[in-house]
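So for the sequence shown, full-length UniProt numbering puts the first residue at 1; every next one is plus one. One structure below.
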Amino acid sequence: MKIGNVELRNEFIMSTVKTGYSDGSGIVTEKHLNFYKRRANDVGAIIPEPFYLASNLREIPTQMGIDDDDKIEGLQKLTSTIHKGGAKAVAHLNHPGRMANPKIIGNKYISSTEKACINGGAKPIRMSEEDIEDVKNLFKQSALRAEKAGFDLLEIQFGHGYLIAQFLSPAVNDRNDKYGGSFENRARFGLEILEEVKNVSKLPLIIRISGDEMFKGGISLEEMKKFVKMLEEKGADVIHVSAGSVCETPPWYFQHMFVPKGKTWEMARELKKEVNIPIIAVGRINEFADIEKIKEDHMADFIAVGRAKVADPDFVGKYLKKVKGIVRPCLACSDGCLGGVKSGQGLGCLMNPQVGEEEVIQKVSKSKRYAVVGGGLAGMAAAVFLDERGHDVTLYEKDDLGGSFRLAPLPSGKSSLQKAIYYYKEELANRNIKVIYKEAKKEDIEVFDGAIIATGSKPFIPKIKGLKDYNWAEVLQPENMPKNEKVMVIGGGLIGVETAHALVENGNEVILVELLPELGGNMIDIEKAQLLKKLKMNDKVTISVRTSIKEIDGDKVIAEKDGEEIVWEGIDRYVVVTGVRCYNPFANEKLDIDMYVIGDAYKPAKAQDAISAAYKVAISL
């Protein structure tokens with residue numbers, strides 16, 4: 001497999017994924033090296049996270065930089081680490097333009113326009129021709145540093161709503177000079193950067209594009225069919241086809257589970273017909289069947305995987321049958337990866353608690369017998385990690401494996417979360433971990449050397465006068481879902497918002513009531529924005545925040561908002577999702593063995609926290 005004159009050992013490329021592992025200086029850290037070392041053993045090439053071209057053009061405070069020669073030494077360590085794993089190293093160069101992070105003091109915001117992103121962001125300065133020359137120079141200097149640092153290839157970001165796309169997109173570019181208006185004029189800026197980089201660097205060049213920005217008035221696939229021919233003519237060696245814009249269509253940009261899988265591969269196939277240079281397909285390629293489809297349908301020459309290799313560093317190795325074991329699935333949830341980077345904690349993964357640490361789980365010198373009580377995500381993960389350590393494990397579950405997480409895949413668009421339960425069930429079976437379906441008592445677990453308590457949580461029901469008959473989130477189950485009713489959802493956190501959305505989709509009229517000023521709680525922004533938009537646009541939904549329910553009298557509700565009384569009548573059903581409380585049946589028991597409480601039984605939190613807690617306890621025992 002070749003890109004230009006560079007030979008790759010196979011067609012698999014790890015695509016760029018932001019890590020947030022820098023210390024703020026932009027210099028490569030040990031955490032970066034460990035992360036990429038763990039993922040370089042099976043792919044043909046790795047594209048590390050986007051490098052900032054100047055310190056005032058950062059997307060995140062902890063981004064890697066290529067803006068100065070002081071970065072070269074660290075980048076040389078990075079390329080050396082990737083090369084030792086047998087992969088080629090690709091430097092991804094990107095100018096964010098108006099999408100530079102507005103929260104970073106000193107950042108600069110320039111664009112083809114003066115319009116800010118519709119989803120928020122700083123108002124940019126419309127670029128002058130002098131600004132355009134400065135940007136070209138940034139790309140040239142960064143390309144030269146990439147060569148000095150030992151990179152084998154370059155990739156320039158032409159898509160995803162970043163600066164070059166801000167010139168190319170008819171929805172953003174409102175110029176009336178030679179860089180605006182006609183398609184040829186809008187394409188000029190990017191093509192000039194390509195030419196300038198080719199003039200100073202001999203490295204093969206990958207161009208990353210959005211095959212379609214997926215919103216009205218944005219870059220369309222039809223325009224991209226013309227544009228890829230221009231890219232080929234100007235010397236691009238490969239086209240890397242993604243979709244969406246970080247501004248207007250972030251779910252497409254992040255390939256979140258809310259968007260249909262495979263659209264980007266179809267775009268790649270269409271664009272492949274237009275050029276003679278190779279095409280890279282990317283976008284939620286996280287199952288072996290995805291790879292087979294792309295190959296069988298001749299959609300692309302190269303296959304790029306990103307978050308699948310975050311969740312399971314051996315994803316490609318397992319596909320190639322070089323590594324044994326079950327694939328730890330990527331759920332396309334963006335919770336740990338996007339959420340971790342945005343929160344400042346750095347790249348993580350709901351399914352893989354080792355991301356960022358990359359520790360090898362060591363076998364214990366002396367095996368012990370452990371009971372795990374509770375078969376939700378925390379309990380199943382604890383059992384698997386304890387078994388991997390070499391301990392003898394018995395898992396107790398009084399109901400079905402999966403716990404409350406069994407409800408998580410039920411809302412529309414979230415079916416991929418079911419993979420988490422399937423994965424752990426398969427691991428338990430393959431490892432021959434004993435599962436006993438009963439409610440564990442004190443006498444059951446005291447025969448073990450220790451016990452991990454992962455009994456989860458129970459719904460918290462507020463004291464509301466007259467509240468008698470109500471449901472919890474079990475209404476999400478198909479057999480419990482009402483039809484054509486007037487339903488009041490009390491509680492507007494993550495579960496409340498998802499439940500309200502599911503109820504509306506099933507033909508119900510919904511009144512969503514929340515005590516706090518905002519809905520969604522700690523939902524990640526990409527999900528919150530999508531669901532709230534759908535709810536607010538639906539005329540069968542009434543949303544009332546800052547609202548306290550005072551009394552319920554049959555089908556009548558009396559509430560208070562901002563000091564004024566509100567009355568709703570004709571309510572057929574009440575769904576109460578006001579949070580949960582820890583449930584530990586052994587909290588007041590005095591046991592003769594060591595007991596470790598994890599997951600919601602210790603503190604209600606997200607699924608990622610539950611699996612992480614299970615991992616930390618397991619490797620400590």
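We treat Cβ as the ideally placed atom computed from N, Cα and C, and that holds for glycine. In this text the structure is predicted, and so the values were computed from the model without any measurement.
- Look at residue 122 here: in three-state DSSP terms it is coil, with no helix or strand label.
- In its chain, beyond the 5 residues on either side, 580, 581, 583 have a beta carbon closer than 7 Å to the beta carbon of residue 458.
- The DSSP-derived three-state label of residue 471 is strand.
- Distance from the CA atom of residue 592 to the CA atom of residue 18, rounded to whole angstroms, is 47 Å.
- For residue 423, the enclosing alpha helix (DSSP H) begins and ends at 418-430.
- Counting every other CB atom within 10 Å of its CB across the protein chains shown gives residue 208 a total of 16 or more, marking it as buried.
- Per DSSP, residue 490 is one residue of the beta strand (DSSP E) stretching across 486-490.
- Residue 618 sits in a helix when the DSSP states are folded into three classes.
- Taking all protein chains in view, the Cβ of residue 167 is crowded by 16 or more other Cβ atoms within 10 Å, so the residue is classified as buried.
- A check of alpha carbon separations from residue 557 across 590, 504, 488 identifies 488 as the nearest.
- Look at the segment 105-163 and you find these whole runs of alpha helix (DSSP H), each 4 residues long or longer: 129-148.
- For the segment 290-375, the continuous beta strand (DSSP E) assignments of 3+ residues that do not extend past its boundaries occur at 302-305, 369-373, in sequence order.
- In the structure shown, the three-state DSSP call for residue 211 is coil.
- Taking a contact to require three or more Cβ pairs closer than 8 Å, the segment 327-335 and the segment 37-56 do not qualify as touching.
- Cβ-Cβ separation between residue 519 and residue 492: approximately 4 Å, consistent with a contact (criterion under 8 Å).
- Positions of the alpha helix (DSSP H) runs, each at least 4 residues long and wholly inside the segment 162-227, are given as 163-168, 183-200 in order along the chain.
- For the set 13, 309, 262, the Cα lying nearest the Cα of residue 290 is the one of 262.
- Residue range 12-14 is occupied by the beta strand (DSSP E) that includes residue 14.
- Residue pairing by DSSP places residue 565 opposite 560 in a beta bridge.
- If you draw a straight line from the Cα of residue 498 to the Cα of residue 76, it comes to about 46 Å.
- A residue is called buried once 16 or more other Cβ atoms fall within 10 Å of its Cβ, and residue 533, having fewer, is exposed.
- Exposed is the label assigned to residue 298, since fewer than 16 other Cβ atoms lie within 10 Å of its Cβ.
- In the same chain as residue 474, and ignoring 5 residues on each side of it, the C-beta atoms closer than 8 Å to its own belong to 407, 480, in chain order.
- Boundaries for residue 527: no beta strand (DSSP E) harbours it, while the alpha helix (DSSP H) harbouring it runs 525-537, taken from the DSSP string.
- When 269, 423, 574 are compared, the shortest CA-CA separation from residue 469 is found for 574.
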